[in-house]
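Reading through the structure tokens given below for one structure.
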Amino acid sequence: MTMNREMYDYSPKIISHASCSTHQLLNLLAKAIHDNSSIVEGLKTTVLVITTNQKTVDGPSGKLWHDGGGAAQNILSASTGAAKAVGKVIPELNGKLTGMAFRVPTPVCQLWI
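Here it is, written out as structure tokens:
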């Protein structure tokens with residue numbers, strides 16, 4: 012716990028939050044930007060490492076054409092719901108944000124733009 016450790020209520024037994032991208036985007040927008048200014052529109056780009064469900068080499072694709080790209084050789088687009096999730100938590104931002112994500116062939120990385 013970092014952001015709200017002094018105010019956090021430890022009594023709930025079940026805690027759930029969205030992805031790391033959603034968590035970062037929400038905290039940044041809710042506190043730093045949205046509370047102090049007006050957001051007209053925004054674009055979030057996340058660069059993430061290879062995951063275990065990606066193919067290791069090029070091969071037949073699944074439902075989407077880019078699913079066939081080998082994770083170790085290609086930068087692949089990935090789905091993200093972070094921008095839409097922010098609109099659910101902060102209604103004033105609903106429809107103002109767009110997001111995209113990429114998986115890159117590296118073992119350690121997280122770049123959030």
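Residue numbers (the numbering used here): 12 to 124.
Built from N, CA and C at the ideal position, the CB exists for glycine as well.
L39 to A96 span [Cα, whole Å]:
Taking C-alpha positions only, L39 is separated from A96 by approximately 14 Å.
Bridge partner(s) assigned by DSSP for G110
G110 pairs with K55.
Residues in the same chain with beta-carbon distance under 8 Å from I61, minus the five sequence neighbours each way, listed in chain order, please.
Shown here for I61: same chain residues with a beta carbon closer than 8 Å to its own, the five before and five after excluded, namely A82, A83, R114, V115, P116, T117, P118 in chain order.
CB-CB under 7 Å to M12, same chain, minus the five flanking residues each way: which ones, in chain order?
Because M12 sits at a pLDDT of 48, beneath the cut-off of 50, its placement in the model cannot be relied upon, and the following sentence gives the value as read from the coordinates. The beta carbon of M12 lies closer than 7 Å to those of Y19 in the same chain, with the five residues before and after it left out.
Answer yes or no: do L54 and T91 have a C-beta to C-beta separation smaller than 7 Å?
Not closer than 7 Å, so no.
Any idea what DSSP makes of H100, helix, strand or coil?
Note that residue 100 corresponds to Val in the displayed sequence, not to His. The answer is helix: DSSP assigns V100 an H, G or I state.
Once DSSP output is grouped into helix, strand and coil, what is the label at A94?
Reduced to three states, the DSSP call for A94 is helix.
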